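Trainee:
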Amino acid sequence: MAFYRRLGTVPPKRHTQHRDAAGGLYYEELMGEEGFTGDSALLYHRGLPPAIVDATDWTLPDQRLTPNHPLRHRHLRLHNLFPGSVAADTDVVTGRRLILGNDDVRLSYVVAQRPSPLYRNAIGDELVYVEAGSGTVDTVFGSLPVRTGDHVLLPRTTIHRWRPNGPEPLRALIIEATLHINPPKRYLSRFGQFLENAPYCERDLHAPAETIAETGTDVEVLVKHRPGREIRGTRHVFATHPFDVVGWDGCLYPFTFNIADFEPITGRIHQPPPVHQVFEGTNFVVCDFVPRKVDYHPLSIPVPYYHSNVDSDEVLFYCGGDYAARKGSGIGQGSVSVHPGGYAHGPQPGAYERSIGTEFFDELAVMIDTFRPLSLGEGGSACEDPEYAWTWSGRGPDGVTRI
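Residue numbering for the sequence shown follows the working numbering, starting at 9 and increasing by one per position.
1) Determine contact between the stretch 158-172 and the stretch 248-265, defined as no fewer than three beta-carbon pairs at a distance below 8 Å.
2) Beta strand (DSSP E) containing arginine 171: first to last residue?
3) Relative to the C-alpha of valine 323, which candidate in Leu86, Lys301, Asn173, Leu38 has its C-alpha closest?
4) Comparing alpha-carbon positions, which option in Asp70, Gly387, Tyr12, Glu222 lies nearest isoleucine 239?
5) Please classify histidine 305: is it buried, with 16 or more other beta-carbons within 10 angstroms of its beta-carbon, or exposed?
6) Quick check on alanine 247: does DSSP put it in helix, strand or coil?
7) Tell me the rounded alpha-carbon separation between glutamate 184 and glutamate 288.
8) Check for me: the alpha helix (DSSP H) holding tyrosine 360 runs from which residue to which?
9) Quick check on leucine 260: buried or exposed, where buried means 16 or more other Cβ atoms within 10 Å of its Cβ?
10) Can you list, in chain order, the residues of its chain whose CB lies under 8 Å from that of glycine 336, leaving out five sequence neighbours each side?
11) Can the beta-carbon of valine 374 be found less than 8 Å from the beta-carbon of glycine 16?
12) Measure the C-alpha to C-alpha separation of alanine 352 and proline 175 and round it to an integer number of angstroms.
13) Do you know offhand how far phenylalanine 279's Cα is from alanine 29's?
14) Could you tell me whether the Cβ atoms of leucine 178 and valine 298 are closer together than 8 Å?
15) What would DSSP say about histidine 233, mapped onto helix, strand or coil?
16) Please classify valine 298: does DSSP put it in a helix, a strand, or coil?
17) Out of Ala268, Glu218, Gly404, Leu384, state which residue places its alpha-carbon closest to the alpha-carbon of valine 113.
18) Could you tell me which of Pro312, Asp370, Ile273, Arg164 sits nearest to glutamate 361, measuring between CA atoms?
19) Counting only runs that start and end within the stretch 255-307, where is the beta strand (DSSP E) found for 3 or more residues in a row?
20) Take the Cβ of alanine 49 as the centre, count every other Cβ of all protein chains shown within 10 Å, and call the residue buried at 16 or more, exposed below.
21) If the criterion is Cβ atoms closer than 8 Å, does the pair leucine 51 and alanine 390 meet it?
22) In three-state DSSP terms, what is leucine 384?
23) Quick one: Cα of tyrosine 117 to Cα of alanine 180, how far?
24) So, does the CB of glycine 31 fall closer than 8 Å to a CB anywhere in chain C?
25) With a Cβ-Cβ cutoff of 8 Å, do leucine 230 and tyrosine 127 count as a contact?
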């Protein structure tokens with residue numbers, strides 16, 4: 009995203025000497041996408057960025073995936089994954105549980121109260137949606153305060169640490185890309201500025217406001233990476249603390265965007281999901297459904313029409329309000345619905361009729377549409393409601409009436 013920022017001290021000319029008050033050199037690090045042809049940032053360190061003193065294996069949380077077979081719609085109750093006091097001993101990095109994934113994107117969920125270790129995802133960008141709670145994300149670029157409703161975008165290889173700080177646990181849905189996550193191209197000018205018809209703009213993006221001056225030696229950083237097709241973890245020990253940056257500038261950096269700042273696009277008749285899009289990745293998109301005035305044609309049907317996603321799997325994370333189209337399905341706060349490409353889905357029985365005359369939807373949800381099939385992770389299998397697929401017909405495979 010070509011939106012330039014500068015923080016701390018940097019030299020007047022890039023790739024030139026930058027010295028401290030005693031005359032010592034700072035060490036420049038280019039962090040860039042797509043080789044040397046994409047967005048980048050230049051960071052200035054006190055220590056040498058590649059100086060590690062040890063590298064050992066780190067065992068990741070379960071990364072296995074099971075195909076969605078037999079093919080059916082799924083309902084996952086994410087709040088069941090972290091019962092009772094489990095969150096008190098959990099952090100956002102090592103405690104996350106994989107719920108869905110494919111070769112392009114992986115979705116995990118976590119409920120955490122402990123600070124995380126230092127971590128970098130060397131596979132792709134992470135987009136973390138904070139369902140509830142608050143905290144701080146410390147990064148090599150500086151600190152980001154986070155709150156309920158924030159999307160936290162962390163560029164690939166950004167070293168960071170999560171510190172929940174509220175009275176309640178921090179609940180978060182983690183979207184891990186294999187490559188990068190950006191605002192949709194159609195929202196941007198050819199030079200990267202948000203256009204007037206975009207549902208949010210630069211003022212809604214919040215980057216770190218100051219750098220972090222942490223010192224120390226033999227500092228551990230957990231690294232998630234992919235030496236081949238298999239995902240692995242490595243524990244690096246850095247000679248000096250990576251949060252030693254005195255300044256940086258460029259167009260690549262972490263930021264937060266709150267779902268409350270998404271301005272919904274509405275119309276006289278039902279608008280298709282792309283009007284809700286907030287980010288895009290390789291072979292997937294992310295959308296925000298927010299409280300909004302709905303269709304105002306005198307004969308409109310405000311809930312979605314029945315549709316077959318012939319090229320995509322649709323995932324909806326229900327995180328607030330009252331989702332009218334899903335009443336009677338068992339879906340509630342903290343639910344995820346998975347509607348795979350292959351056959352139709354849409355409103356539950358009765359929702360189509362009940363929506364007529366409705367003027368406002370009080371709903372909050374984050375949607376991920378993937379253009380390759382999703383499989384179930386360990387967490388997804390552990391919290392599935394097996395009755396969901398039969399809620400449209402009201403009768404399951406055993407012939408027993410469900411509704």
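All C-beta atoms in this analysis are idealised placements derived from N, C-alpha and C, irrespective of residue type, glycine included. Because the structure is a prediction, the values reported are computed rather than measured.
Mentor: In this structure, then:
1) Yes, they touch.
2) Note, arginine 171: beta strand (DSSP E), 168-172.
3) Closest by alpha carbon: Leu86.
4) Isoleucine 239 has its Cα closest to that of Asp70, out of Asp70, Gly387, Tyr12, Glu222.
5) Exposed.
6) DSSP places alanine 247 in strand when its eight states are reduced to three.
7) Roughly 12 Å between the two C-alpha positions.
8) Under the DSSP assignment, tyrosine 360 falls in the alpha helix (DSSP H) whose first and last residues are 359-362.
9) The residue is buried, with at least 16 neighbouring Cβ atoms inside 10 Å.
10) Excluding positions up to five away in sequence, the list reads Gln356, Pro357, Gly358, Ala359, Thr399, Ile411.
11) Contact flag unset, no.
12) About 42 Å.
13) It is glutamine, not phenylalanine, that sits at residue 279 in the sequence shown. Their Cα atoms are separated by approximately 58 Å.
14) The criterion of a C-beta distance shorter than 8 Å is not satisfied by leucine 178 and valine 298.
15) Residue state, collapsed to three classes: strand.
16) DSSP places valine 298 in the coil class of the three-state scheme, outside both helix and strand.
17) Looking from the CA of valine 113, the closest CA among Ala268, Glu218, Gly404, Leu384 belongs to Leu384.
18) Nearest C-alpha to glutamate 361: Pro312.
19) Taking only runs of at least 3 residues, the beta strand (DSSP E) segments lying wholly in the stretch 255-307 are 263-266, 285-289, 292-297.
20) Result: buried.
21) Not in contact: leucine 51 and alanine 390 (Cβ atoms no closer than 8 Å).
22) Secondary structure at leucine 384: strand, using DSSP grouped into helix, strand and coil.
23) Cα to Cα, tyrosine 117 sits roughly 6 Å from alanine 180.
24) Among the chains of the structure shown, chain C does not appear; only one protein chain is present.
25) Going by C-beta atoms, leucine 230 is nearer than 8 Å to tyrosine 127.
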